[in-house]
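Just below is one structure, and these are the notes that go with it.
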Amino acid sequence: MTPKEFAEARAKTGLSTAKLAELWNMGKNGGRTIRRWEAGHVPVNPIAAYCITLMISQTDKEQTK
């Protein structure tokens with residue numbers, strides 16, 4: 531997943547970087563880590579990419595009901 535794809539997926543959840551980091555229990559610098567992924571400063575964590583994909587899939591399913 532590219533940084534842009536991750537940022538777009540996070541935006542679909544409606545969560546800020548800080549709120550997503552809190553939800554994922556990433557600690558006090560979690561929001562910063564997510565911002566670095568989205569800016570392309572460091573690679574997007576593959577597990578985070580998988581999790582955000584699952585979150586989007588669930589959101590899409592709920593919207594189609």
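Under my numbering, the residues of the sequence shown are numbered 531 to 595, in order. Glycine included, each C-beta is placed from N, C-alpha and C at the ideal position.
Residue i, enclosing alpha helix (DSSP H) - first and last residue
i, result
"residue 533", "533 to 543"
"residue 567", "560 to 569"
For residue i, the nearest candidate out of the options (CA to CA)
i, options, result
"residue 524", "547, 589, 593 and 592", "Outside the displayed span of the chain (531 to 595) sits residue 524, for which this structure offers no information."
"residue 592", "538, 542 and 562", "542"
"residue 577", "588, 554 and 589", "554"
Cut-off 7 Å between Cβ atoms - residues of its own chain near residue i, not counting five sequence neighbours on either side
i, result
"residue 570", "533"
Same chain, Cβ closer than 6 Å to residue i, five either side skipped, listed in chain order
i, result
"residue 561", "547, 548 and 551"
Rounded Cβ spacing between residue i and residue j (contact assumed at less than 8 Å)
i, j, result
"residue 586", "residue 536", "In fact, because the Cβ distance is near 11 Å, the residues do not count as touching under 8 Å."
"residue 531", "residue 574", "5 Å"
Same chain, Cβ closer than 8 Å to residue i, neighbours up to 5 away in sequence not counted
i, result
"residue 557", "551"
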